[in-house]
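*Asks:* Following this note's numbering, the numbering of the sequence shown begins with 158 at its first residue and continues without gaps.
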Amino acid sequence: MELNVKTLYLIGGIVTIASAGAVLLTWYHHRNAPGLRAWAAALLLTVLGALILRLRTSDADLAPVLVADMVIVAGFAAMWLSLRFANQGRTDLVRLLAVAIAIGATFLALFVVLRAFGAGRQAASIPFSLLLGLLGLACAWEIRQGRHKDDLRSRLPAALAFVGLGIARVVRAGVLGFEVIHLLPPGAAAATHPYTLYATIVFTLAVTYGLVMMANEQAGRREAMQFAER
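(1) May I have the straight-line CA-CA distance separating Leu271 from Leu287, to the nearest angstrom?
(2) Measuring CA to CA, which of Gly344, Pro343, Val256 and Ser239 is closest to Gly192?
(3) Can you tell me whether Phe384 is buried or exposed? The criterion is at least 16 other CB atoms within 10 Å of its CB, across all chains shown.
(4) Can you have a look at Pro342 and say buried or exposed, based on whether 16 or more other CB atoms are within 10 angstroms of its CB?
(5) Give every residue of the same chain whose Cβ lies closer than 8 Å to the Cβ of Ala257, excluding the five residues on either side of it in the sequence, and list them in chain order.
(6) For Asn161, does the three-state DSSP call read helix, strand or coil?
(7) Using only CA atoms, which one of Arg304, Arg310, Ala356 and Ala372 lies nearest to Val327?
(8) Whose C-alpha, out of Leu210, Ala330 and Ala197, is nearest the C-alpha of Val180?
(9) The ligand MN and Asp249: does any heavy atom of the ligand fall closer than 7 Å to the residue's C-beta?
(10) If I follow the unbroken alpha helix (DSSP H) through Ala315, where does it start and stop?
(11) Does the pairing of the segment 310-330 with the segment 360-377 give three or more beta-carbon distances under 8 Å?
(12) Which first and last residues belong to the alpha helix (DSSP H) in which Ser215 is found?
(13) Taking only three categories from DSSP, how would you classify Ala276?
(14) Please give me, in chain order, every unbroken run of the alpha helix (DSSP H) with length at least 4 that falls completely inside the segment 167-244.
(15) I need the boundaries of the alpha helix (DSSP H) containing Arg304, first residue and last residue.
(16) Helix, strand or coil for Gly290? Go by DSSP, reduced to three states.
Structural data, given as structure tokens:
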């Protein structure tokens, strides 16, 4: 099956905006649900990153690409930290923002290093996909760890969705990297890109559905406890 990258980017944009809307609506009704607000922020920052890319005046203009990638990476970092802080039972917005910005800066540092080593056009794509993949896997771990606090069964599908998202991005980074160091033939990254992009879209939807399931399960348990006390 041949997948068109431009069409997938369009679908991905629609899915991201719709997912952010669904998450925000769910959060409005379930303010204490784990991860909802942070995931909505990550999705909206992804949309912002896409809009920044649309402002590029030419393909040679790297500044919008770097800014967009840093914004998206910082959004996913904030998602991971939000889940981690929730598991630890604390809130620290200042530290969350500081660490998220630091991880975004790490992307920029990796870009500079790869650029110096001759990675060329892939110098931004490799650390971008790698950091998103690692952050996705970290989110999966934190969601799974949170089960010790509330024992929500819906945490498992949400965690698995993040695992899928993380693997898709790590595979993308790996193919790009192997092509740069000539372990894969030229064009390998372009050939596999539609499939990793498709997987990213699917798992983004799955993560959204998993987090909404967690919110509904948590609310259902709370209502059952309140009914039992009457």
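Glycine is no exception: its CB is placed at the ideal position from the N, C-alpha and C atoms.
*Replies:* Judging by the given coordinates:
(1) 13 Å
(2) Residue Ser239 holds the alpha-carbon nearest to the alpha-carbon of Gly192 among Gly344, Pro343, Val256 and Ser239.
(3) exposed
(4) exposed
(5) Ala231, Gly232, Ala234, Ala235 and Leu238
(6) Three-state result, Asn161: coil.
(7) Ala356
(8) Ala197
(9) This structure lacks the ligand MN, and indeed carries no ligand of any kind.
(10) Segment Arg312 to Val337, the alpha helix (DSSP H) holding Ala315.
(11) yes
(12) Per DSSP, Ser215 belongs to no alpha helix (DSSP H) and is neither H nor E.
(13) In the structure shown, Ala276 sits in coil (DSSP, three-state: anything other than H, G, I, E or B).
(14) 193-211
(15) Arg304 to Asp307
(16) Correct three-state label for Gly290: helix.
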